[in-house]
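J.: What follows is a structure written as structure tokens; I'll ask about it next.
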Amino acid sequence: MALDQVLLESHQEGHSPNTLRFLRFEPCVLVGYHQKVAHEVWEDFCAEHGIAVQRRITGGGTIYFDPLHLGWELYFDRASFGTGDMAELSARICRAAAAGLQRLGVDAHFRPRNDIEVNGRKISGTGGAFDGSSVVFQGTVLIDAELEKMLGALRVAPEKLSKRQIKDIGERLTTVKEVLGGREIAWDEVKRNLADGFAEELGIHLEPGELNTVEEGKLPETLAEIEDEEWVHLHAPASAEDATVVEATHRCEGGLVRAAVAVEPDRGMIKHVTFSGDFFVNPKRMVFDLEAALRNLPMARLEEAVQDFFRRSEVEMLLLRPEDFLTAVNDALVQLGEGDSRDSADEEASG
1121 MALDQVLLES
1131 HQEGHSPNTL
1141 RFLRFEPCVL
1151 VGYHQKVAHE
1161 VWEDFCAEHG
1171 IAVQRRITGG
1181 GTIYFDPLHL
1191 GWELYFDRAS
1201 FGTGDMAELS
1211 ARICRAAAAG
1221 LQRLGVDAHF
1231 RPRNDIEVNG
1241 RKISGTGGAF
1251 DGSSVVFQGT
1261 VLIDAELEKM
1271 LGALRVAPEK
1281 LSKRQIKDIG
1291 ERLTTVKEVL
1301 GGREIAWDEV
1311 KRNLADGFAE
1321 ELGIHLEPGE
1331 LNTVEEGKLP
1341 ETLAEIEDEE
1351 WVHLHAPASA
1361 EDATVVEATH
1371 RCEGGLVRAA
1381 VAVEPDRGMI
1391 KHVTFSGDFF
1401 VNPKRMVFDL
1411 EAALRNLPMA
1421 RLEEAVQDFF
1431 RRSEVEMLLL
1441 RPEDFLTAVN
1451 DALVQLGEGD
1461 SRDSADEEAS
1471 G
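Using our numbering, the first residue of the sequence shown is number 1121, and each one after it goes up by one.
Spelled out as structure tokens, the structure:
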């Protein structure tokens, strides 16, 4: 995770070339940049089973990662492929990754917004982040999978694990090994074919390389930041003295937007809002700026404040609209008149 930040920052500064990087990890759960660990991960289960918990610099949903999965990521200037549009970049790179898998005999295809599937079953998820004109776009390939650990680590109660649940998630996911009829495949073969797919589809030439001196020099400081618990638990739940906290999750074309809203109902005031979820925005700090714009706000001015924020801001969003953030807050506020705090966390665990 530290190298993700180092390579993206170094590329933006002109010290790193366009890069394709492959990754494998010991068992871990990687939450998306805009997600809350408490919403996505069973931390006790992870601690008991030696599963690390970390935060990515990229948006999107939670990923369970272990040595059976292969990660890939591209670092490049957004003008390299003739477009800066997030949706177009995502589609083009996903199609290139799918072309690499097709070389292995896997009938993989891009599925909007950011998945690669085989016969309707997900085999790879992707996501990205920007730093100025530089982009990191990354994905995972499920070579094989341990579904019990995946279900136990993600926010599905371990005590509820059953053969039926494992079958259900197995119906949504597939692996390279399963698609190839159980045939074992060498990691180098997977990487070589993915690299060839990227090279041909994106019109690029790839040469092996190592970290340069600038990248190596940045790594220790960045690693210290990434290892800090404040980074892992970046998005603290909304809370405020003398305030009521209500939450809701809005499912939309651009993903999931969760709003935790601290309010003073008697005064009709929103104290503050915390947004989290599975979505992609640029710049990443846009979410924090929106939260600041809604601090100590009369409820009656909510829609006006959201619309004004997006009118003033230069923001890129992947299939996401300003109305999606407004809807998430309004869905939370509706609960004030219902006399309960219904659970609106209807997200699907995904690996």
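The beta carbon of each residue, even a glycine, is placed where N, CA and C say it ideally should be.
Please read these numbers as outputs of a predicted model, since none were measured by experiment.
#1: Could you say which of Thr1178, Thr1364, Tyr1195 lies nearest to Gly1248 if we only look at CA atoms?
#2: Could you give the distance in angstroms between the alpha-carbon of Phe1196 and the alpha-carbon of Phe1230?
#3: Give the single residue among Leu1143, Ile1243, Arg1212, Phe1395 whose Cα lies nearest to the Cα of Ala1319.
#4: Can you find the residues in the same chain that come closer than 6 Å, C-beta to C-beta, to Leu1194, ignoring five residues on each side of it along the sequence?
#5: DSSP has Trp1192 in a bridge; who is on the other side?
#6: Expressed to the nearest angstrom, what Euclidean distance is found between the alpha-carbon atoms of Ala1413 and Val1426?
#7: For Leu1224, which option in Thr1295, Leu1209, Glu1208 has the closest C-alpha, if you only look at C-alpha atoms?
#8: Drop a sphere of 10 angstroms on the beta-carbon of Trp1307, count the other beta-carbons inside from all chains shown, and report buried for 16 or more, exposed for fewer.
#9: Could you tell me whether the segment 1259-1268 touches the segment 1237-1251, where touching means 3 or more Cβ pairs closer than 8 Å?
#10: Quick one, are the C-beta atoms of Phe1395 and Ala1382 less than 9 Å apart?
#11: Start and end of the alpha helix (DSSP H) containing His1159?
#12: Can you find the residues in the same chain that come closer than 8 Å, C-beta to C-beta, to Leu1343, ignoring five residues on each side of it along the sequence?
#13: On the criterion of 16 or more Cβ atoms from any shown chain inside 10 Å, does Arg1198 qualify as buried, or is it exposed?
#14: Using the rule of at least 16 other Cβ atoms within 10 Å of the residue's Cβ for burial, across every protein chain shown, is Arg1233 buried or exposed?
#15: By how many angstroms is the C-alpha of Gln1125 removed from the C-alpha of Val1365?
#16: Are the CB atoms of Pro1187 and Phe1145 nearer to each other than 9 Å?
#17: Work out the CA separation of Arg1405 and Gly1205 for me, nearest whole Å.
#18: Considering only DSSP beta bridges, list what His1392 is partnered with.
#19: In whole angstroms, give me the CA-to-CA distance for Met1437 and Phe1408.
#20: What span of residues does the beta strand (DSSP E) with Ile1236 cover, start to end?
#21: Is the beta carbon of Gly1240 closer than 9 Å to that of Gln1132?
#22: Excluding the 5 residues preceding and the 5 following Ala1315 in the sequence, name in chain order all residues of the same chain whose CB lies nearer than 8 Å to its CB.
#23: Helix, strand or coil for Leu1224, going by three-state DSSP, please let me know.
#24: Is the beta carbon of Val1149 less than 9 Å from the beta carbon of Ala1167?
#25: Using the C-alpha atoms, what's the distance from Leu1300 back to Gly1323?
#26: Please report the residue range of the beta strand (DSSP E) in which His1229 lies.
#27: Assign Arg1275 to one of three DSSP states: helix, strand, or coil.
#28: Assuming Phe1399 contacts Leu1456 (C-beta within less than 8 Å), just tell me the rounded distance between them.
#29: Going by DSSP, which residues form a beta bridge with Asp1197?
#30: Taking 8 Å as the limit between beta carbons, can you name the residues of its chain near Arg1387, skipping five residues before and five after?
#31: Could you compute how far the alpha carbon of Ile1183 sits from the alpha carbon of Gly1329?
#32: Counting along the chain, where does the alpha helix (DSSP H) carrying Phe1185 start and finish?
#33: Taking the DSSP output, what are the residues bridged to Asn1111?
T.: To lay it out plainly:
#1: If you number the sequence shown from 1, residue 1248 lands on position 128. Residue Thr1178 is the option with its Cα nearest to Gly1248.
#2: Taking the first residue of the sequence shown as position 1, residue 1196 is located at position 76. Taking the first residue of the sequence shown as position 1, residue 1230 is located at position 110. Using only the alpha carbons, I get a separation of about 20 Å.
#3: Within the sequence shown, numbered from 1, the residue matching residue 1319 stands at position 199. Comparing Cα-Cα distances from Ala1319 to each of Leu1143, Ile1243, Arg1212, Phe1395, the minimum goes to Arg1212.
#4: Within the sequence shown, the letter at position 74 stands for residue 1194. Cβ within range, chain order: Leu1140, Phe1257.
#5: The count along the sequence shown starts at 1 and reaches residue 1192 at position 72. Paired residue(s): Phe1142, Gly1259.
#6: Within the sequence shown, the letter at position 293 stands for residue 1413. Within the sequence shown, the letter at position 306 stands for residue 1426. Taking the straight line joining both Cα atoms gives about 8 Å.
#7: Here residue 1224 corresponds to residue number 104 of the sequence shown, with the count starting at 1. Out of Thr1295, Leu1209, Glu1208, Thr1295 has the C-alpha closest to the C-alpha of Leu1224.
#8: The residue you call residue 1307 lines up with position 187 of the sequence shown. Classification of Trp1307: exposed, given that the 10 Å Cβ count is below 16.
#9: yes
#10: The residue given as residue 1395 occupies position 275 in the sequence shown. The residue given as residue 1382 occupies position 262 in the sequence shown. No. Outside cutoff.
#11: The residue labelled residue 1159 in the question sits at position 39 within the sequence shown. Run containing His1159: 1157-1160, per the alpha helix (DSSP H) assignment.
#12: For the purposes of this step, residue 1343 is taken as the residue at position 223 of the sequence shown. Contacts found: Ala1122.
#13: Walking along the sequence shown from the start, residue 1198 turns up at place 78. Burial call: buried.
#14: Here residue 1233 refers to the residue found at position 113 when the sequence shown is read from its first residue. That one is buried.
#15: Numbered from 1 along the sequence shown, position 245 holds the residue referred to as residue 1365. Numbered from 1 along the sequence shown, position 5 holds the residue referred to as residue 1125. Looking at the two C-alpha atoms, the distance is approximately 33 Å.
#16: Numbered from its first residue, the sequence shown carries residue 1187 at position 67. Numbered from its first residue, the sequence shown carries residue 1145 at position 25. A contact, by the Cβ cut-off of 9 Å.
#17: Walking along the sequence shown from the start, residue 1205 turns up at place 85. Walking along the sequence shown from the start, residue 1405 turns up at place 285. Reading off the sequence shown, one finds Asp at residue 1205, where the question assumed Gly. Cα to Cα, Asp1205 sits roughly 19 Å from Arg1405.
#18: As a first step, residue 1392 must be located in the sequence shown, where it is residue number 272. The partner list for His1392 (beta bridge, DSSP) reads Ala1382.
#19: Along the sequence shown, read from residue 1 onward, the residue named residue 1437 stands at position 317. Along the sequence shown, read from residue 1 onward, the residue named residue 1408 stands at position 288. Cα to Cα, the separation comes out at about 15 Å.
#20: The sequence position of residue 1236 within the sequence shown is 116, counting from 1. 1235-1238 is the span of the beta strand (DSSP E), which, as asked, contains Ile1236.
#21: Translated into positions along the sequence shown, residue 1132 becomes position 12. Translated into positions along the sequence shown, residue 1240 becomes position 120. Cβ distance not < 9 Å, so Gln1132 and Gly1240 don't count as in contact.
#22: In the sequence shown, residue 1315 corresponds to position 195, counting from 1. Within the same chain, Ala1315 has close Cβ partners Leu1140, Gly1220, Leu1326.
#23: As a first step, residue 1224 must be located in the sequence shown, where it is residue number 104. Reduced to three states, the DSSP call for Leu1224 is coil.
#24: Within the sequence shown, residue 1149 is the residue found at index 29, counting from 1. Within the sequence shown, residue 1167 is the residue found at index 47, counting from 1. No, the pair does not count as a contact, with Cβ atoms beyond the cut-off.
#25: Taking the first residue of the sequence shown as 1, we reach residue 1323 at position 203. Taking the first residue of the sequence shown as 1, we reach residue 1300 at position 180. So the alpha carbons of these two residues sit roughly 28 Å apart.
#26: Residue numbering aside, residue 1229 sits at position 109 when the sequence shown is read from its first letter. It spans 1229-1231 - the beta strand (DSSP E) in which His1229 sits, taken as one unbroken run.
#27: If you number the sequence shown from 1, residue 1275 lands on position 155. Looking at Arg1275 - three-state DSSP - the assignment turns out to be coil, as it is neither helix nor strand.
#28: Here residue 1399 refers to the residue found at position 279 of the sequence shown. Here residue 1456 refers to the residue found at position 336 of the sequence shown. Actually they are not in contact, since the Cβ atoms of Phe1399 and Leu1456 sit about 25 Å apart, beyond 8 Å.
#29: Start at 1 with the first residue of the sequence shown, and residue 1197 comes out as number 77. DSSP, once it has assigned bridges, lists Ser1254 as partnering Asp1197.
#30: Along the sequence shown, read from residue 1 onward, the residue named residue 1387 stands at position 267. Nothing meets the Cβ criterion.
#31: Taking the sequence shown and counting its residues from 1, one reaches residue 1183 at position 63. Taking the sequence shown and counting its residues from 1, one reaches residue 1329 at position 209. Cα-Cα distance, rounded: 27 Å.
#32: Translated into positions along the sequence shown, residue 1185 becomes position 65. Segment 1183-1185 is the beta strand (DSSP E) holding Phe1185; no alpha helix (DSSP H) there.
#33: As displayed, the chain neither begins before 1121 nor continues past 1471, which places residue 1111 out of reach and without an answer.
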